[in-house]
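In the numbering used here, the protein residues as written are 552 to 984.
Following: one structure in structure tokens, then a few remarks.
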């Protein structure tokens, strides 16, 4: 792994522009005297803002920030699954609700108490083992919306405090507008020098940065930059390169999460939702090109008894072992999912029910002849019943229902067997005498 490349030498932007500013201040010393009167008015207004208005605005900003954090912690309580994390978030909610900045504002205090009470009830109910409900989250959404409105109201109140003082400052600035005409000649000279420096050392590098950011993605190569003399620009460019590396890392994580969302967590097979989507597409392709396609439903025999006898951990081990038998026995083109509990659904493209029956029989025999080791050293053996149905001329849901009926027929015949669903009976028209 290569070491970190040393950053090119350069100057700080404040040093370069500070030198220009020094000359600018010296030339403008005389011009500033012309604005002393209006400047004093502005200073007085600023003093009032700093001594009275700004602390009030900061207090409202702190209040708005606390209310926003209160809402974020409420969202976190519903998002996390760890009881410890929920208790930590609830502790933060309690602290915020009792914060002096919140208690000083009647509306915010009432909203904080209501939020604390509601979230406390939710956390206690979940701690008592009660399941989550959509109604609780909907109620939280309404409460969160009211919190957002309260935050907006607090922010507006803070802004309104400064409006009167700012209006006085605006009046003084309008009066100074005419005096500033004298200064424009000097400003023009210094602006010319300023623009040259900014264009060369800031605008052009920022344009390159903007172009790099607009094309920044995990699929694109790492952006390259021309060496800048400004250390701040160099820091931004280095940050963009680090962000590009994070984009690549996040894309890999996203793809991994997407794969997990389509799989059953216990067996590693497709989950039911993903299977139905893939099976419907495969069936439509087969029907469009008039190719054979077969579906199957399988159920592990006496699975409840196995769970009751050996425990649920043994049932999980049997399910995982069956999934491994499926992967070893079936073709790569076959689709299979954990349909629910101990039930599995299959789709076999390019083969009809009779050929599928031979493949299913091979799976049945492999399952019946395999001993599943348990954690305590014991071994169990489970059998499977399978029902098949032709899916080449009917919707996927109808074919799965037929396969399910064939599965129940296999159960009625004694389990541990493969049964093919009979084709639907079509009534031929009677001949006229």
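Using N, Cα and C, we set each Cβ at its ideal position, and we do this for glycine too.
Is it true that the CB of residue 967 sits closer than 8 Å to the CB of residue 852? Taking the chain shown and counting its residues from 1, one reaches residue 852 at position 301. Taking the chain shown and counting its residues from 1, one reaches residue 967 at position 416. Cβ distance < 8 Å, so residue 852 and residue 967 count as in contact.
Chain C contact for residue 968 (CB, 8 Å cutoff): This model lacks chain C altogether, as it is built from one protein chain only.
Between residue 869 and the rest of its own chain, which residues show a CB-CB distance below 6 Å, the 5 nearest in sequence each way excluded? Counting from 1 along the chain shown, the entry for residue 869 is found at position 318. Excluding sequence neighbours, residue 869 sits near 923, 933.
Can you give the Cα-Cα distance for residue 882 and residue 928, rounded to whole angstroms? Residue mapping note: residue 882 aligns to position 331 of the chain shown, counting from 1. Residue mapping note: residue 928 aligns to position 377 of the chain shown, counting from 1. Rounded to whole angstroms, the separation of the alpha carbons of residue 928 and residue 882 is 32 Å.
Let me check one thing: in DSSP terms, what residues is residue 888 bridge-paired to? Taking the first residue of the chain shown as 1, we reach residue 888 at position 337. 821, 896.
By Cβ distance below 8 Å, which residues in the same chain neighbour residue 688 in space, the five residues on each side in sequence not counted? Sequence index remark: in the chain shown, residue 688 carries index 137 (1-based). Excluding residues within five positions, the ones whose Cβ falls inside 8 Å are 629.
Burial state of residue 848, where buried means 16 or more other Cβ atoms lie within 10 Å: On the chain shown, position 297 is the one that residue 848 refers to. Residue 848 is buried by the Cβ-count criterion.
Run the CB neighbour count on residue 617, radius 10 Å, all protein chains shown included, and call it buried at 16 or more, exposed below. To locate residue 617, count along the chain shown from 1; it is residue 66. The residue in question, residue 617, is buried, as its Cβ has 16 or more Cβ neighbours within 10 Å.
Considering only DSSP beta bridges, list what residue 543 is partnered with. Because residue 543 is not part of the residues shown, which for the chain are 552 to 984, the question remains open.
Every unbroken alpha helix (DSSP H) within the stretch 567 to 631, with a cutoff of 4 residues, ordered by chain: Correct list: 580 to 585, 587 to 599, 605 to 630.
Go ahead and pull the three-state DSSP assignment for residue 657. Counting from 1 along the chain shown, the entry for residue 657 is found at position 106. Looking at residue 657 - three-state DSSP - the assignment turns out to be helix.
Pair within 8 Å by beta-carbon distance, residue 969 and residue 915: Within the chain shown, the letter at position 418 stands for residue 969. Within the chain shown, the letter at position 364 stands for residue 915. Cβ atoms of residue 969 and residue 915: closer than 8 Å.
Taking three-plus beta-carbon pairs below 8 Å as touching, is the stretch 645 to 656 in contact with the stretch 676 to 688? Touching, no, given that fewer than three Cβ pairs across the two stretches are closer than 8 Å.
DSSP state of residue 847 mapped onto helix, strand, coil: Translated into positions along the chain shown, residue 847 becomes position 296. Residue 847: strand per DSSP, three-state reduction.
Touching by the beta-carbon criterion (3+ pairs, under 8 Å), the stretch 818 to 836 and the stretch 789 to 797: Contact annotation: the stretch 818 to 836 does not touch the stretch 789 to 797, with fewer than three C-beta pairs closer than 8 Å.
Starting from the Cα of residue 897, find the closest Cα among 919, 862, 855, 833 and give me that residue. For the purposes of this step, residue 897 is taken as the residue at position 346 of the chain shown. Comparing Cα-Cα distances from residue 897 to each of 919, 862, 855, 833, the minimum goes to 833.
Less than 8 Å between the C-beta atoms of residue 691 and residue 625, yes or no? If you number the chain shown from 1, residue 691 lands on position 140. If you number the chain shown from 1, residue 625 lands on position 74. Cβ distance < 8 Å, so residue 691 and residue 625 count as in contact.
What does the Cβ neighbour count give for residue 863, buried or exposed, with the cut at 16 atoms within 10 Å? Translated into the one-based positions of the chain shown, residue 863 becomes position 312. Exposed, by the Cβ-count rule.
Please classify residue 938: does DSSP put it in a helix, a strand, or coil? For this step, residue 938 is matched to residue 387 along the chain shown. The three-state secondary structure of residue 938, taken from DSSP, is strand.
Can you tell me whether residue 971 is helix, strand or coil according to DSSP? On the chain shown, residue 971 is found 420 positions in, with the first residue counted as 1. It is a strand residue.
Burial state of residue 953 (16 or more Cβ within 10 Å): Reading the chain shown from its first residue, position 402 is the one you call residue 953. Buried is the call here.
Under 8 Å between the Cβ atoms of residue 903 and residue 843? Taking the first residue of the chain shown as 1, we reach residue 903 at position 352. Taking the first residue of the chain shown as 1, we reach residue 843 at position 292. Contact flag set, yes.
Should residue 972 and residue 961 be called a contact, given that it needs their Cβ atoms to be closer than 8 Å? Reading the chain shown from its first residue, position 421 is the one you call residue 972. Reading the chain shown from its first residue, position 410 is the one you call residue 961. Cβ atoms of residue 972 and residue 961: not closer than 8 Å.
Comparing alpha-carbon positions, which option in 697, 570, 758, 894 lies nearest residue 544? Residue 544 falls outside the range modelled here, since the chain spans only 552 to 984, and no answer is possible.
Do the CB positions of residue 907 and residue 939 come within less than 8 Å of each other? Within the chain shown, residue 907 is the residue found at index 356, counting from 1. Within the chain shown, residue 939 is the residue found at index 388, counting from 1. A distance below 8 Å separates the beta carbons of residue 907 and residue 939.
Residue 740 burial status per 10 Å Cβ neighbour count (16 or more: buried): Looking up residue 740 in the chain shown gives position 189. The C-beta of residue 740 has fewer than 16 other C-beta atoms within 10 Å across all chains shown, which makes the residue exposed.
In three-state terms, what does DSSP make of residue 963? Here residue 963 corresponds to residue number 412 of the chain shown, with the count starting at 1. Note: residue 963 maps to helix in three-state DSSP.
Name, in chain order, the residues that DSSP records as bridge partners for residue 781. To locate residue 781, count along the chain shown from 1; it is residue 230. According to the DSSP secondary-structure assignment, residue 781 is paired through a beta bridge with 562.
Near residue 699, which residues of its chain fall below 8 Å by C-beta distance, leaving aside the five closest residues on each side in sequence? Residue 699 sits at position 148 when you count from the first residue of the chain shown. Result list for residue 699: 622, in chain order.
Whole angstroms are fine: how far does the CA of residue 631 sit from the CA of residue 640? Along the chain shown, one-based indexing puts residue 640 at 89. Along the chain shown, one-based indexing puts residue 631 at 80. Near 10 Å, if we compare the C-alpha coordinates of residue 631 and residue 640.
Applying the 10 Å Cβ sphere with the 16-neighbour rule, what's the burial state of residue 795? Here residue 795 refers to the residue found at position 244 of the chain shown. By the neighbour-count rule (16 or more Cβ atoms within 10 Å), residue 795 is buried.
Determine the DSSP secondary structure at residue 980, reduced to helix, strand or coil. Residue mapping note: residue 980 aligns to position 429 of the chain shown, counting from 1. Residue placement at residue 980 is flagged as unreliable, the pLDDT there being 45, under the threshold of 50; the coordinate-derived value follows with that caveat. Three-state DSSP puts residue 980 in coil, outside helix and strand.
Starting from residue 858, trace the alpha helix (DSSP H) both ways and give me its first and last residue. By 1-based counting over the chain shown, the position of residue 858 is 307. In the DSSP annotation of this structure, the continuous segment of the alpha helix (DSSP H) that includes residue 858 starts and ends at 854 to 861.
With distances taken from CA atoms, which of 755, 611, 770, 850 is nearest residue 656? Start at 1 with the first residue of the chain shown, and residue 656 comes out as number 105. Comparing C-alpha distances from residue 656 to each of 755, 611, 770, 850 shows the shortest one belongs to 611.
Exposed or buried, which one is residue 866 when buried takes at least 16 other CB atoms within 10 Å? Stepping through the chain shown from its first residue, residue 866 is reached at position 315. Within a 10 Å sphere around the beta-carbon of residue 866 sit 16 or more other beta-carbons, which makes this residue buried.
So residue 726 and residue 768 are in contact, right, with Cβ under 8 Å, and what is the actual spacing, rounded? Within the chain shown, residue 726 is the residue found at index 175, counting from 1. Within the chain shown, residue 768 is the residue found at index 217, counting from 1. In this structure residue 726 does not touch residue 768 by the C-beta definition: roughly 52 Å separates them, more than the 8 Å allowed.
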